[in-house]
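Enquirer: Below is a structure I'd like to ask you about.
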Amino acid sequence: MSDTAKKGILVVSFGTSHEDTRAVTIDAIEKEIGAAFTDCKIYRAWTSKMILARIEKRDHIHYDNVAEAMERMKKDGITDVIIQPTHVMNGVENDLMKKDVLAYADHFQSVKFGAPLLTTEKDNEYVVKAVADEFPVIKDKETALVLMGHGTEHYANAVYAALDYRFKDMGYENVIVGTVEGYPEIDQVMKQLGKCGVKKVVIAPFMIVAGDHAKNDMAGEEEDSWKNIISKAGYEVQTVLKGLGEYESIRKLFVEHAREAV
């Protein structure tokens, strides 16, 4: 890298229209990456077209998509780029993001990618410990922790079942991982709860932000929310609206992934 190099880090997130959770998750991750890389300019891009359009219409605020952010870095004279996604897995959003970035690769001296949250077996183990530290209640064998992931049609969805297995393998028999839009679903979660022999259930999102899915599908008042389905089955339910981005340990892992990209 030459002396005239200008380094930039593009933090890519799915995005959220909920300001309360954005401040303590996406903003917090970007801030910690900025603090760890003081010689880099930090840029933001979001991948959800729907969320970007909603914020522009509602708040008259424009956030860049990936292509716009790459264009912005090019105009700013950035020469060396690190892309750090805040995605949970190497799924659809991550694939599309890479494609958009690589279309601009010729304009920079170097483009490097940091890994999403769950990429290696080491990451899985680290995240299991991070969740266990966050929820000491799982030491009580009469309480189960149910984690609601997003889920995807992409083959990377297998990471959720693998993580569920990893919790149990590491001694957390009463932690259950399910998804809203993939497998395992709420039906599999209910089957596992039946085998656990617990009386209480804590439900928390396994998503970077506690947005629509967490507030509605997980903790909402609708009949088919996970809170109500589990309550109706006779369990005492507590919901925790805290995205993974709020865990200090998870933010540290994203910083570590950006370092590994360097």
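To convert, note that position 53 of the sequence shown is 236 in the numbering used here; the numbers rise steadily by one, no gaps. For each residue, glycine too, the CB sits at the ideal point set by N, CA and C.
1) Whole angstroms is fine: what's the gap from K425's alpha carbon to A252's?
2) Going along the chain, which residues of its own chain have a beta-carbon closer than 6 angstroms to the beta-carbon of S293, five neighbours each way excluded?
3) Considering just the uninterrupted stretch of the beta strand (DSSP E) at L193, what are its terminal residues?
4) Enumerate in chain order the residues of its own chain whose CB-to-CB distance from R349 is below 6 angstroms, with the five nearest sequence positions on each side excluded.
5) Please name the residue, chosen from A327, N411, M331, that lies closest to V381 on a Cα-to-Cα basis.
6) Let me know the beta strand (DSSP E) ranges lying completely inside the segment 212 to 294, each 3 residues or longer, listed in chain order.
7) Which of helix, strand or coil does DSSP assign to P299?
8) Which two residues bound the contiguous beta strand (DSSP E) that contains M331?
9) Can you grab the Cα-Cα spacing for the pair S185 / D222, in whole Å?
10) Spatial neighbours of I261 within its chain, please: CB distance less than 6 angstroms, with the 5 preceding and 5 following residues excluded, ordered by chain position.
Expert: Based on what the coordinates show:
1) As a first step, residue 425 is located in the sequence shown; it is residue number 242 there, counting from the start. As a first step, residue 252 is located in the sequence shown; it is residue number 69 there, counting from the start. Distance between K425 and A252, taken at the CA atoms: about 28 angstroms.
2) Position 110 of the sequence shown holds residue 293. The beta carbon of S293 sits closer than 6 angstroms to those of D263, all from its chain and outside the five residues before and after it, given in chain order.
3) By one-based count along the sequence shown, residue 193 stands at place 10. From DSSP, the beta strand (DSSP E) with L193 extends over 190 to 196.
4) Your numbering for residue 349 matches position 166 in the sequence shown. Excluding sequence positions up to five before and after R349, its CB lies within less than 6 angstroms of the CB of N307, V311, all in the same chain and listed in chain order.
5) Within the sequence shown, numbered from 1, the residue matching residue 381 stands at position 198. Nearest to V381 by C-alpha distance, out of A327, N411, M331, is A327.
6) The DSSP assignment places 223 to 229, 263 to 268 as complete runs of the beta strand (DSSP E) inside the segment 212 to 294, in order along the chain (cut-off: 3 residues).
7) Start at 1 with the first residue of the sequence shown, and residue 299 comes out as number 116. Three-state DSSP puts P299 in coil, outside helix and strand.
8) In the sequence shown, residue 331 corresponds to position 148, counting from 1. In the DSSP assignment, M331 falls within the unbroken beta strand (DSSP E) covering 326 to 332.
9) Residue 185 sits at position 2 when you count from the first residue of the sequence shown. Residue 222 sits at position 39 when you count from the first residue of the sequence shown. At S185 the pLDDT is 49, less than 50, meaning the model places this residue with poor confidence; the figure from the coordinates comes in the next sentence. Going by the C-alpha atoms only, they are around 14 angstroms apart.
10) In the sequence shown, the residue the question calls residue 261 occupies position 78. Within the same chain, Cβ atoms closer than 6 angstroms to the Cβ of I261 are found at K189, G191, the five residues on either side in sequence being excluded.
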